[in-house]
Each structure stands twice: as structure tokens, then as C-alpha cells.
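Visitor: 164 is the number that this note's numbering gives to position 150 of the sequence shown; each next residue is one higher, with no gaps.
Quick one: the structure is below, and I'll ask about it shortly.
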Amino acid sequence: MISAPHANSCSLHAFFRKADVSRPLFLPVAEVRQLSAAAQEATACENYEQALQTYSYITHTYPDLAIIQYARIKHALLLYQAGKTTDAVLEMEGEEEELRGNAEVHAALAAMLYSESPKQIDRAETQWEIAREFDQRFSNLDWVRKEKHWPPAMQTALGNFLNLK
């Protein structure tokens, strides 16, 4: 069983739990919310590896819950931060197919595609146009950092895309 990380301020520790299929449905949802909060806190504390592990746990333990959409997006962003750029692009492309019209997914995919393969500038620009259609705030790096909590590597990728560097 994958360990489920929990947070206590910025010091984090893991615990193990066996799946209990007899638990009511609201318990997994509550656990996903608690784990997501722990991952967000880890990201805020710049503990990206812990946040990545937490989002990995969520996405592998509860793959069928609709509430984990946010965790899947953040997982892809943190894969990018960890230098696993190919995996990050593949995951974000999967999210783009599943969550078509999600501005964050399209903006992140635009930044990733441009940074990892400048030859795909046309595809990146198409993703960006879709993102801007739904939410123009993604062109504000300060907003992305403060409100969306993207890790530094993704902020840099987005900045490079916005400035076409």
C-alpha cells in the first residue's frame, strides 16, 4: 500500500493505512480533501517532493473520485518541477483530453510544450488561446504564483512562453 502523507505545519510525516472498502463514500472524499490540504501546505513550504508524493498517493488511491481532478493537475505540475518533464507533459495531455476547457490545464500545457519543445509553438499557442478564452488571469505570473500556487519551474516555463524566450 502506498503511504499517505499528512502535514503538521511544514514538518510532514507519512502513515500507512489499509484500504477499507466498507467505509462510507464520504470518508474517502474527506481524506482526499485533507490530503490535498497537506499537499498545498507542502507546496507553500516549498517541499515539492512531499507534495508530489501526496498527490501521487491521492491519484493512485482514489482514481475514480471526481474530486481528484485538482490533484491530477497539481501532480503533473509537480512532476515538471521534479524534472520529469516528459511524464508531466504526458499527464497534462491526458488531463487536457479529460478536462477540455479547464484554463489551468491549457495554460500549463502551453507552457510545458513551448519549454520542452519549441518546435511545438503552434500547438502551445493553440492551448494558450483556449486557456485565455476561459480565464485571462493566467497571463499574470504573480496571480499564477499566489492564487494557483504553481511551482517555480512551471512559473518559469509560463514566463518564458509569455515572453517567447
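We put the CB at the ideal spot given by N, CA and C, even for glycine.
#1: Kindly indicate the opening and closing residues of the alpha helix (DSSP H) around residue 88.
#2: Might you give, ordered along the chain, the residues of its own chain that have their beta carbon closer than 7 Å to the beta carbon of residue 169, omitting 5 neighbours on each side?
#3: Would you grab the beta carbon distance between residue 73 and residue 86 for me? Rounded to a whole angstrom, and I think it's under 8 Å.
#4: Have a look at 98, 131, 94 and 149 and flag the residue whose alpha-carbon is nearest the alpha-carbon of residue 120.
#5: Within 10 angstroms of its Cβ, does residue 177 collect 16 or more other Cβ (buried), or is it exposed?
#6: Below 8 Å, can you find three or more Cβ-Cβ pairs linking the segment 59–74 to the segment 86–105?
#7: Quick check on the burial criterion: 16 or more other C-beta atoms within 10 angstroms. Buried or exposed for residue 162?
#8: Quick one: residues in its chain with C-beta nearer than 7 Å to the C-beta of residue 130, no 5 flanking neighbours on either side, listed in chain order?
Guide: The structure says:
#1: 83–95
#2: 155, 158 and 159
#3: 5 Å
#4: 149
#5: exposed
#6: yes
#7: buried
#8: 99 and 103
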